[in-house]
Amino acid sequence: MTGARFTRVRLNRKDLRRPFPRGFVQRLRGQTVRTVTRRGKYLLVGLSSGDALVMHLGMTGWFRVESTAAANRRSGDRDQALENRHDHVVFTMSSGVTVTFNDPRRFGMMDLVTANHLPHHGSLAAIGPEPLSREFDAQALARGLANRKISLKVALLDQRVVAGIGNIYASEALHLAHLSPFRRASTLATKSGVPRPACTRLVTAIKSVLRRAISLKQTERYDESRFRIYDHEGERCPTPGCGGKILRAWQAGRSTFYCRVCQR
DNA sequence: ATTGAGACCTGTCGGC
DNA sequence: TGCCGACAGGTCTCAA
Numbered sequence: 072m073t074g075a076r077f078t079r080v081r082l083n084r085k086d087l088r089r090p091f092p093r094g095f096v097q098r099l100r101g102q103t104v105r106t107v108t109r110r111g112k113y114l115l116v117g118l119s120s121g122d123a124l125v126m127h128l129g130m131t132g133w134f135r136v137e138s139t140a141a142a143n144r145r146s147g148d149r150d151q152a153l154e155n156r157h158d159h160v161v162f163t164m165s166s167g168v169t170v171t172f173n174d175p176r177r178f179g180m181m182d183l184v185t186a187n188h189l190p191h192h193g194s195l196a197a198i199g200p201e202p203l204s205r206e207f208d209a210q211a212l213a214r215g216l217a218n219r220k221i222s223l224k225v226a227l228l229d230q231r232v233v234a235g236i237g238n239i240y241a242s243e244a245l246h247l248a249h250l251s252p253f254r255r256a257s258t259l260a261t262k263s264g265v266p267r268p269a270c271t272r273l274v275t276a277i278k279s280v281l282r283r284a285i286s287l288k289q290t291e292r293y294d295e296s297r298f299r300i301y302d303h304e305g306e307r308c309p310t311p312g313c314g315g316k317i318l319r320a321w322q323a324g325r326s327t328f329y330c331r332v333c334q335r
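Number 335 marks the last residue of the first sequence (the working numbering); no jumps.
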């Protein structure tokens, strides 16, 4: 998309999780894409007008990228109707590429924000440090967890503490760091806010788990066998010499996978 | 101010 | 084969 112009923008419905902003199509059409970046789980497309297109995939959102010729062929194909049922947004670009947003559960979202409003935009405003940046270290995590009475697992899902961690990698990181998902978040730092060794371990584990996931494109296709403990209830704990069994618990409405033996 | 519960949706899978 | 309930990768809102 970078460098290309939106020649056509099509909305197949008026909302996803929330309504599309008024004037969405008109404000996008004719704009050239300057940048395509990311902040946490939000995708940001910078436009020549100064506006930014903000997008989130929710749980089931994804983009199909194909030549415009292929997209046109598809739209005339009755057999594809079932699979294309959840195509909600179609971007036709001047480069000859068509980018289609498909999202069965419609938990995704798209918004259009002026550049000066971007830093204040809803959840983007309060979002925490990027996990793979230098800025995210034991000090930063200790600050984020200070005084929080919630469990470590629930804290990692809070995007204000650290950006971009979801239910799978919260379990994976805590396991790698040998930390109990039920431990109170505030206990990773001393009263005066100095990070404990466990805090440093968790930062290292988060970075390691995410780097590995990115290098393997791990969740691009959901493949449970690639996770160490997520969705492995009842199997042996993969920690060398541990011998524990992987358990499953329920926290804040989400399932947590963990080992009672090596995670304290 | 923080926290937990429920809501928003459709698809899939296991059990009967 | 078909029906039913449980559960799914994420926020967001509301009430306590």
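Ideal placement from N, C-alpha and C gives every residue a C-beta, glycine not left out.
Inset, instruction - Just confirm the distance between the C-beta atoms of Pro-266 and Leu-259, as a whole number of angstroms; I'd bet it's less than 8 Å. - result: 7 Å
Legend entry - Terminal residues of the beta strand (DSSP E) in which Gly-117 lies: 113 to 118
Inset, instruction - Tell me whether Cys-333 sits in a helix, a strand or coil according to DSSP, three-state version. - result: coil
Legend entry - Integer-rounded CB distance, given that Phe-178 should sit under 8 Å from Met-130: 5 Å
Inset, instruction - State buried or exposed for Thr-171, treating a residue as buried only when at least 16 other CB atoms are found within 10 Å of its CB. - result: Label assigned to Thr-171: buried.
Inset, instruction - Report buried or exposed for Glu-306, applying the criterion of at least 16 other Cβ atoms within 10 angstroms of its Cβ. - result: exposed
Legend entry - Residue interval of the beta strand (DSSP E) (run including Gln-322): Taken as a continuous stretch (DSSP letters only), the beta strand (DSSP E) holding Gln-322 covers 317 to 322.
Inset, instruction - Can you give me the Cβ contacts of Gly-264 inside the same chain, cut-off strictly under 8 Å, excluding the 5 residues immediately before and after it? - result: Ala-213, Arg-214 and Ala-217
Inset, instruction - For His-303, collect the residues of the same chain with a Cβ closer than 6 Å to its Cβ; drop the 5 residues on either side in sequence, then sort them by chain order. - result: Ile-317
Legend entry - Buried or exposed by the 16-neighbour rule on C-beta atoms within 10 Å, applied to Lys-85: exposed
Inset, instruction - Please state whether DSSP places Thr-271 in a helix, a strand or coil. - result: helix
Inset, instruction - Using three-state DSSP, classify Leu-128 as helix, strand or coil. - result: Looking at Leu-128 - three-state DSSP - the assignment turns out to be coil, as it is neither helix nor strand.
Legend entry - Coarse secondary structure for Thr-139, derived from DSSP in three states: helix
Legend entry - Cβ-based burial, Thr-185 [other Cβ within 10 Å; buried from 16]: Thr-185 should be labelled exposed.
Inset, instruction - Using DSSP bridges, identify the partner residues of Leu-82. - result: Val-160
Legend entry - CA nearest to the CA of Ala-284, picked from Leu-118, Phe-134, His-192 and Ala-241: Ala-241
Legend entry - Gln-151 and Arg-145 closer than 7 Å at C-beta: yes
Inset, instruction - Note down the Cα distance separating Leu-250 from Cys-333, rounded to an integer number of angstroms. - result: 8 Å
Inset, instruction - Just the C-alpha distance for Pro-90 and Leu-82, rounded to the nearest angstrom, thanks. - result: 11 Å
Inset, instruction - Provide the residue(s) that pair with Val-104 in DSSP beta bridges, ordered along the chain. - result: Leu-118
Legend entry - Reference Ala-141, options Arg-156, Gly-121 and Thr-169, closest by Cα: Thr-169
Inset, instruction - For the alpha helix (DSSP H) holding Asn-238, just list the boundary residues, first then last. - result: Unbroken alpha helix (DSSP H) run through Asn-238: 238 to 247.
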